[in-house]
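One structure is given below, encoded as structure tokens.
There are 2 protein chains.
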Amino acid sequence: MQTTPKPKQRDAEATRKRILAAAKKEFAKSGLGGARVDDIAERANANKRMIYHYFGGKEDLFQAVLEEAYTDIRTAEQKLDLDRLPPREALETLVRFTWDYYLKNPEFITLVNSENLHRAKHLKKSEVIPVVSRRFVSMVKTLLDRGVAEGVFRPGIDETQLNITIAAIGYYYLTNRYTGAIVYDRDLMAKDALEQRVDFNIDTVMRLVCLEP
Amino acid sequence: MQTTPKPKQRDAEATRKRILAAAKKEFAKSGLGGARVDDIAERANANKRMIYHYFGGKEDLFQAVLEEAYTDIRTAEQKLDLDRLPPREALETLVRFTWDYYLKNPEFITLVNSENLHRAKHLKKSEVIPVVSRRFVSMVKTLLDRGVAEGVFRPGIDETQLNITIAAIGYYYLTNRYTGAIVYDRDLMAKDALEQRVDFNIDTVMRLVCLEP
DNA sequence: TTATGAAGTAACTAGTTAGTGCGTTAATCG
DNA sequence: CGATTAACGCACTAACTAGTTACTTCATAA
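If you're matching them up, the sequences are chains U and P in order.
To convert, note that position 85 of the first sequence is 93 in our numbering; the numbers rise steadily by one, no gaps.
To convert, note that position 110 of the second sequence is 118 in our numbering; the numbers rise steadily by one, no gaps.
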């Protein structure tokens, strides 16, 4: 086999990755409609022609960005390894993780918003999304069942409703932070405001799920 | 593209209203960036020039649409007259109203999303938004205080956190219904799914706020 | 009856945008 | 080495888009 590969002048995979990363930023900043192909190319330090070469078109590129964003968060969730923790700690870990992930990856939220404006047109075409999604939902289902079996969670809670609620209380706060700052006349992104919110969210979910909060 | 029947006579106020209504639909459908001024004019059965005549430009029109959308929901909330109800009933009424309003006025959600993509640039310029917002926040604050005084609500709950949570659990479900349908592999807009969700949301808030849920 | 200004219109401008044709250059391999 | 393939870049276009210009039509007050 070959030894250390020489640094290449031309590197298809590296160019592809630069385009994908640049596209993620631009789509997150301006949405699918507002993003400019020329700007993506410039940010990627690539020629616009390469976008069409590697991805086909603007919408195909958007789909690729979305798929990566979804598999990234689903992969990170699996790494939490909730099975090793007692149910209550596992649930708190999940709520805190979801909040932290949205906070550190704000482009995920904007991409999902943009995709919903387009009625999930691109996600519908994806092969990989249903697979990673099922694994995620069953992870929470397993946790819920375990908590009920151990007598610490209320029985009968639907895992989808819980998932949606855990996402909602973090997602909404962050995606609407600009209008929220005006409506509630507060800096919602101040350090203490963020801490207050995650504590409030954990409390909300614990009271919803646990028998003795 | 549906159009509104054109009145035979000249009517400045009617034309303005037609433009505003058409703009609301187009901005909700495509966002600020995706909406087309020509399409708004066509839908309103007005000449494009009239948009510039009455509103100044595309962004000013967007601001006018936003202001109307916010004052509409805030007005509807005030009409609930929560003071006439016992605290628990008042709280449930508020949660159900918020859900129903988002469900019946989906354009509100899309407009707010679009405005947040633009970092509340237009809402910041508004004179009327802070006024109606304060009235709304204090309405919930009053309810919370009353519930605590009557010994049915937990003390120490922040009215802004509660407001955000009540909005979040409805808003997120509805705004992300397209991607949600794929991730959770369900028809989130089926009649029974909607009923299940509003019940779940009321339960979530009651457990969060009430001393004996 | 008519002068006046607001309501309304069509065609246009200047700039932008996604997508492409085609030539060039580097890597790979017999 | 020479030839083939894939990566890359320039310069272009056809379609689109916010905003404007120059004009006509109509209601009404004097």
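C-beta atoms are modelled at their ideal positions from N, C-alpha and C, and glycine is treated no differently.
Taking buried to mean at least 16 other C-beta atoms within 10 Å of its own C-beta, is Pro95 of chain P buried or exposed? Sequence index remark: in the second sequence, residue 95 of chain P carries index 87 (1-based). Looking at its Cβ environment, which holds 16 or more other Cβ atoms inside 10 Å, Pro95 of chain P is buried.
Spell out whether any CB of chain P is found under 8 Å from the CB atom of Phe208 of chain U. The sequence position of residue 208 of chain U within the first sequence is 200, counting from 1. At least one chain P Cβ lies under 8 Å of Phe208 of chain U.
If you draw a straight line from the alpha carbon of Arg82 of chain P to that of Ile59 of chain U, how long is it in whole angstroms? Translated into the one-based positions of the second sequence, residue 82 of chain P becomes position 74. Translated into the one-based positions of the first sequence, residue 59 of chain U becomes position 51. Across the structure, Arg82 of chain P and Ile59 of chain U are spaced so that their CA atoms are roughly 46 Å apart.
Taking the alpha carbon of Pro114 of chain P as the point to measure from, which residue in P:Arg44, P:Gly178, P:Val139 and P:Glu220 has its own alpha carbon closest? Here the question's residue 114 of chain P lines up with position 106 in the second sequence. The shortest C-alpha separation from Pro114 of chain P is found at P:Gly178.
By Cβ distance, which residues of its chain are closer than 8 Å to Asp182 of chain P, with the 5 residues on each side in sequence left out? Walking along the second sequence from the start, residue 182 of chain P turns up at place 174. As written in the sequence, residue 182 of chain P is Leu, which differs from the Asp given in the question. The answer, listed in chain order, is Tyr110, Leu111, Pro114 and Ile117.
Whole angstroms are fine: how far does the CA of Leu28 of chain P sit from the CA of Leu102 of chain U? Against the first sequence, residue 102 of chain U aligns to sequence position 94. Against the second sequence, residue 28 of chain P aligns to sequence position 20. So the alpha carbons of these two residues sit roughly 43 Å apart.
Minimum Cβ-Cβ distance from Ile48 of chain P to chain U less than 8 Å: Here the question's residue 48 of chain P lines up with position 40 in the second sequence. Closer than 8 Å: no.
Cβ contact (3+ pairs, closer than 8 Å) linking the stretch 191–206 of chain U and the stretch 160–176 of chain P: yes
Beta strand (DSSP E) segments (min. 3 residues) lying fully within the stretch 127–157 of chain P: none
Using a C-beta to C-beta distance shorter than 8 Å, which residues of chain U count as neighbours of Glu123 of chain P? Reading the second sequence from its first residue, position 115 is the one you call residue 123 of chain P. Within 8 Å of the CB of Glu123 of chain P, the CB atoms of chain U belong to Tyr186 and Thr187, in sequence order along the chain.
Note down, in chain order, all residues in the stretch 172–201 of chain P with a beta-carbon under 9 Å from any beta-carbon belonging to chain U. Ile172, Thr173, Ala175, Ala176, Ile177, Gly178, Tyr179, Tyr180, Tyr181, Thr183, Asn184, Arg185, Tyr186, Thr187, Gly188, Ala189, Ile190, Val191, Tyr192, Asp193, Arg194 and Leu196
Would you mind sorting Arg205 of chain U into buried or exposed? The rule is 16 or more other CB atoms within 10 Å of its CB. Sequence index remark: in the first sequence, residue 205 of chain U carries index 197 (1-based). With 16 or more other Cβ atoms within 10 Å, it is buried.
Which same chain residues end up closer than 7 Å to Lys133 of chain P when comparing Cβ atoms and leaving out the 5 residues on each side of it in sequence? Counted from its first residue, the second sequence places residue 133 of chain P at position 125. Counting only Cβ-Cβ distances below 7 Å, and skipping sequence neighbours, we find Gln71.
With Met197 of chain P as the anchor, note down where its alpha helix (DSSP H) starts and where it stops. As a first step, residue 197 of chain P is located in the second sequence; it is residue number 189 there, counting from the start. Premise fails: Met197 of chain P is in no alpha helix (DSSP H) and is neither H nor E.
Assuming Leu216 of chain U and Thr212 of chain P are in contact, meaning their beta carbons sit under 8 Å apart, how far apart are those beta carbons, in whole angstroms? On the first sequence, position 208 is the one that residue 216 of chain U refers to. On the second sequence, position 204 is the one that residue 212 of chain P refers to. The Cβ separation is near 5 Å, so the contact holds.
Does any CB atom of chain P fall closer than 8 Å to the CB of Ile225 of chain U? Because chain U is modelled from 9 through 221, residue 225 of chain U falls outside the range shown and cannot be assessed.
Whole angstroms are fine: how far does the CA of Ser122 of chain P sit from the CA of Arg57 of chain P? Locating residue 57 of chain P in the second sequence gives position 49, where the first residue counts as 1. Locating residue 122 of chain P in the second sequence gives position 114, where the first residue counts as 1. When rounded, the separation of the alpha-carbon atoms in Arg57 of chain P and Ser122 of chain P is 24 Å.
In the DSSP assignment, the alpha helix (DSSP H) including Gln17 of chain U goes from what residue to what residue? Mapped onto the first sequence, residue 17 of chain U falls at position 9. It is not in any alpha helix (DSSP H) - Gln17 of chain U carries neither H nor E in the DSSP assignment.
How is the alpha helix (DSSP H) around Lys87 of chain P delimited, first residue to last? In the second sequence, residue 87 of chain P corresponds to position 79, counting from 1. Here Lys87 of chain P belongs to no alpha helix (DSSP H), and DSSP marks it neither H nor E.
Quick test of the definition: if touching needs 3 or more C-beta pairs under 8 Å, does the stretch 37–44 of chain U touch the stretch 35–51 of chain P? yes
Own chain partners of Ala77 of chain U with C-beta closer than 6 Å, once the 5 adjacent residues on each side are dropped: If you number the first sequence from 1, residue 77 of chain U lands on position 69. Phe116 and Leu119.
Since Glu85 of chain U and Phe144 of chain U should fall inside the 8 Å C-beta cutoff, what is the C-beta to C-beta distance between them, to a whole number of angstroms? Taking the first residue of the first sequence as 1, we reach residue 85 of chain U at position 77. Taking the first residue of the first sequence as 1, we reach residue 144 of chain U at position 136. Their Cβ separation, rounded to whole angstroms, is 6 Å, which keeps Glu85 of chain U and Phe144 of chain U in contact under 8 Å.
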